[in-house]
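Novice: Pasting a structure below so you can have a look.
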Amino acid sequence: MSNHQPPMPQAPAAAAPDWQAAPGGQYPGYTSPIPVVRAHLGHALASEWTKIKSVRSTMWTLGVFVLLVLGIGLLAGAVVSNSSSSMDDQSPLQLGFFGLLLGSMCIMTLGVLTTASEYGTGMIRTTMTACPSRSRVLAAKAIVFFVLAFTITLACAAFVAMVQNAMVQDNGARTPTGSEWFKATVGVSLYVALLGLLSLVIGSIIRHSAGAITIMIGLLLAPLVIALFMFAQSLHKLREWLLEYSIPNQMSVFYSNSLSTTGPSGWEPLWIILGVTVAAYAGAFALLRSRDV
Amino acid sequence: MIELAGLTKRYGEKVAVDHLTFRVRPGIVTGFLGPNGAGKSTTMRMILGLDHPTAGDVRIDGKHYDQLADPLTYIGALLDAKAVHGGRSAYNHLLCLAQSNGIPRSRVGEVLEAVGLTAVARKKAKGFSYGMGQRLGIAGALLGDPRILMFDEPVNGLDPEGIHWIRNLMKSLAAQGRTVFVSSHLMSEMALTADHLVVIGQGRLLADTSMADFIRQNARAYVRIRSPQRERLLDVLHEDGITVVEAGGDALEVDGGKAEQIGELAARHGIALHELSTQQASLEEAFMRLTAESVEYHAQAGPEPESAPRDWGAGWKGV
Chain A
-19 MSNHQPPMPQ
-9 APAAAAPDWQ
1 AAPGGQYPGY
11 TSPIPVVRAH
21 LGHALASEWT
31 KIKSVRSTMW
41 TLGVFVLLVL
51 GIGLLAGAVV
61 SNSSSSMDDQ
71 SPLQLGFFGL
81 LLGSMCIMTL
91 GVLTTASEYG
101 TGMIRTTMTA
111 CPSRSRVLAA
121 KAIVFFVLAF
131 TITLACAAFV
141 AMVQNAMVQD
151 NGARTPTGSE
161 WFKATVGVSL
171 YVALLGLLSL
181 VIGSIIRHSA
191 GAITIMIGLL
201 LAPLVIALFM
211 FAQSLHKLRE
221 WLLEYSIPNQ
231 MSVFYSNSLS
241 TTGPSGWEPL
251 WIILGVTVAA
261 YAGAFALLRS
271 RDV
Chain B
581 MIELAGLTKR
591 YGEKVAVDHL
601 TFRVRPGIVT
611 GFLGPNGAGK
621 STTMRMILGL
631 DHPTAGDVRI
641 DGKHYDQLAD
651 PLTYIGALLD
661 AKAVHGGRSA
671 YNHLLCLAQS
681 NGIPRSRVGE
691 VLEAVGLTAV
701 ARKKAKGFSY
711 GMGQRLGIAG
721 ALLGDPRILM
731 FDEPVNGLDP
741 EGIHWIRNLM
751 KSLAAQGRTV
761 FVSSHLMSEM
771 ALTADHLVVI
781 GQGRLLADTS
791 MADFIRQNAR
801 AYVRIRSPQR
811 ERLLDVLHED
821 GITVVEAGGD
831 ALEVDGGKAE
841 QIGELAARHG
851 IALHELSTQQ
861 ASLEEAFMRL
871 TAESVEYHAQ
881 AGPEPESAPR
891 DWGAGWKGV
């Protein structure tokens, strides 16, 4: 044979039993020119930031939130300032309460969608393949969402509070103290953002957008509505408790105009929602680890 | 290199994957074949750490999936085309994946170009056809230029041009030394792309063999004969020591490629032949024989057609 070739190992398929002896270490194969980066939480945060800003539902929920908070807040200020009613030495900050209460539903919806929509679309499988550390995925989502929700809420609440304060100066409202300002802006924004974070965690547990949103809206409104219809004397205590610890009443504590004189006061609502959210987060994390995606 | 050792997944009473043990080696395309519901996708999800195995172990180059520091640059997977948020554009979908693994942003444009989606990069994924969704999934798998690639039913929904493209893609990826693991329920598709074959049915390993061996063992060649003097022909063949199988209708079948011998024999005895042809049993048939017992979802069989090859029915009872 003129073109005889030296005996060659056959194709990789046939040489299978020897593959471990091949050069390139124990696991030979293709080596990419792309630099290998050890992925960490920073990468996950960048990824989640891209995700949250690249879907229209974020723009919708936050857009409606801004409209509600600014619209209702400014309307309330205008009504009071154009009427002859006197604020009777009350803090003008409480005018911002109702807009933020309605707006919180948008933040809760966005929170749920951040996690649950990935299950609805199947995106979660792609996410978990790209980042096998489930704790990192949940943490990145929680951080990105919380910072976004807090920033937007704070900006809106602070703006509305300042404008309202200026509008109702002539109606006999007193000038709020620094700590009242702090509670009605930073405090209530932390509360609303935590409420959103709780929704995000519930979304991760329920894995179903509509279901989780229903649960959260129910949590927001049901205790107050149920309490309003509890006329029986025997249920008086329960009724009181439901009223005092309902989310709207807890939110109003930040404006010092609680429905009742007992119940949570000062910064207590913030510690309550923080405790509940931390507990739910721990539960969501445990479930995320044990469940199949 | 993917190594499965006794991998098992149970959902309550139902066993989806039953003690699977095999290796997927680099440098070749390994086909992962099984009927619907055989456990292919479940196996792939366990490889990717999405589902927890009930028992057994699966490792990628010696590591569990969640121990990979750079998963996307190590292993790229197309699980199903639906694993995308429909409201996000193709570009942003790939960008968030790239960012999660620290892959340079420039790769996004490169893989979009590679799968032919550049023109619709800014369009929302929910407007994509199934084939385009499949291409987006493949782009995601290629994003990290990984050394291992897994494709679950990649040709589904692709047009002929797309099927041709994915076949060549898989072959070229393997030729670069990468591990390519591709599932399908179509034997004919695997015969064209895979070098090695892993067949499962009802979660159990049925075959782990090279494609060439599988073809050699399963692609039965036989000679099909029809003659108006059927009885005489049978006698003549019998005298010559040739084993004949009576197929449906008036046809006879002889295993092995002996067409010339039979033709000459018939001529010597003056027997007229209406047909003398060498036939090749399809690999699809071989695959169906192999998995017949383990097909999960049997369609209700209609009345068997008269002309069904005899061997067909035998396979269902015999295997």
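From first to last, the protein sequence lines stand for chains A and B. Quick note: the first sequence, position 43, residue 23 per our numbering, numbers continuous. Quick note: the second sequence, position 183, residue 763 per our numbering, numbers continuous. Glycine included, every Cβ here is placed at the ideal spot set by N, Cα and C. Please read these numbers as outputs of a predicted model, since none were measured by experiment.
#1: In three-state DSSP terms, what is A/P(-3)?
#2: Along the chain, where does the beta strand (DSSP E) that runs through B/L584 open and close?
#3: Leaving out five residues before and five after A/L267 in sequence, what residues of the same chain have Cβ atoms less than 7 Å from its Cβ?
#4: Quick one: using the 10 Å Cβ neighbour count with 16 as the cut-off for buried, is A/H20 buried or exposed?
#5: On the DSSP bridge list, what partners appear for B/V825?
#6: Per DSSP, B/I780 forms a beta bridge with which residues?
#7: For A/G79, name the three-state secondary structure that DSSP assigns.
#8: Between the C-alpha atoms of B/G689 and A/Q144, what's the straight-line distance to the nearest angstrom?
#9: I want to see whether chain A comes within less than 8 Å of B/T653, judged by CB atoms only; does it?
#10: Using a beta-carbon distance below 8 Å, is B/G672 in contact with chain A?
#11: What residues of chain A sit near B/I683, judged by a beta carbon separation below 8 Å?
#12: Can you grab the Cα-Cα spacing for the pair A/I32 / A/F125, in whole Å?
#13: Does the beta carbon of A/G279 sit closer than 8 Å to a beta carbon anywhere in chain B?
#14: List the residues of chain A whose Cβ lies closer than 9 Å to the Cβ of B/A618, in chain order.
#15: Counting contacts by CB-CB distance shorter than 8 Å, is B/G707 in contact with chain A?
#16: Using only CA atoms, which one of A/M231, A/G9 and A/L55 lies nearest to A/V148?
#17: Below 8 Å between beta carbons is the criterion; list the residues of the stretch 721 to 742 of chain B that meet it against any residue of chain A, in chain order.
#18: Give the range of the alpha helix (DSSP H) segment to which A/I14 is assigned.
#19: For A/G51, tell me which candidate among A/T242, A/F234, A/R18 and A/G79 has the shortest Cα-Cα distance.
#20: From A/M142 to A/Y171, what does the alpha carbon distance come to, in whole angstroms?
#21: Output needed in chain order: residues of the stretch 18 to 36 of chain A with a Cβ under 7 Å from some Cβ in chain B.
#22: Take A/A24 as the anchor and find which of A/A138, A/M103, A/C111 and A/E220 has the nearest alpha-carbon.
#23: Looking at A/L254 and the ligand SAH, is the gap between the Cβ and the nearest heavy atom below 7 Å?
#24: In or out: B/P633 buried (at least 16 other Cβ within 10 Å) or exposed?
#25: Taking the alpha-carbon positions, what's the B/A847 to B/D835 distance?
#26: Out of B/V803, B/D725, B/L772 and B/R806, which has the shortest C-alpha to C-alpha gap to B/G682?
#27: Taking the C-alpha atoms as reference points, what is the distance between B/G617 and A/F211?
#28: How big is the Cα-Cα spacing for B/M712 and A/V258?
#29: State the CB to CB distance for the pair B/E855 and B/R806, rounded to an integer number of angstroms; the pair is presumed to be in contact (CB under 8 Å).
#30: Assuming A/I227 and A/L200 are in contact, meaning their beta carbons sit under 8 Å apart, how far apart are those beta carbons, in whole angstroms?
#31: Under a three-way DSSP split, which group does A/Y7 fall into?
#32: Quick one: residues in its chain with C-beta nearer than 7 Å to the C-beta of A/R287, no 5 flanking neighbours on either side, listed in chain order?
#33: Among all the DSSP beta bridges, which residues are the ones paired with B/V638?
Specialist: Reading it off the structure:
#1: Only weak support exists for where A/P(-3) lies, its pLDDT of 40 falling under 50; the value from the coordinates is given anyway. Helix at A/P(-3).
#2: Residue range I582 to Y591 is occupied by the beta strand (DSSP E) that includes B/L584.
#3: I185
#4: For A/H20, the number of other beta carbons within 10 angstroms of its own is below 16, and it is reported as exposed.
#5: B/E833
#6: B/L785
#7: helix
#8: Answer to the nearest angstrom: the Cα atoms are 49 Å apart.
#9: So yes, B/T653 belongs to the interface.
#10: The sequence shown places Asn at residue 672 of chain B, not Gly. Judged by the 8 Å Cβ criterion, B/N672 is in contact with chain A.
#11: I14 and V17
#12: 8 Å
#13: In the structure as shown, chain A begins at -19 and stops at 273. Residue 279 of chain A is therefore absent and cannot be evaluated.
#14: Those do not exist, as B/A618 stays about 18 Å from chain A at its closest Cβ, beyond 9 Å.
#15: no
#16: A/L55
#17: G724, D725, P726, R727 and I728
#18: Taken as a continuous stretch (DSSP letters only), A/I14 belongs to no alpha helix (DSSP H), as it is neither H nor E.
#19: A/G79
#20: 20 Å
#21: R18, A19, H23, A24, A26, S27, T30, K31, S34, V35 and R36
#22: A/C111
#23: For the structure depicted, the ligand SAH is absent and the ligand set is empty, with no information on it obtainable.
#24: buried
#25: 20 Å
#26: B/D725
#27: 57 Å
#28: 41 Å
#29: 4 Å
#30: 5 Å
#31: coil
#32: A query on residue 287 of chain A cannot be resolved here, the shown segment of chain A reaching from -19 to 273 and no further.
#33: According to DSSP, residue pairing for B/V638 in a beta bridge involves B/L584.
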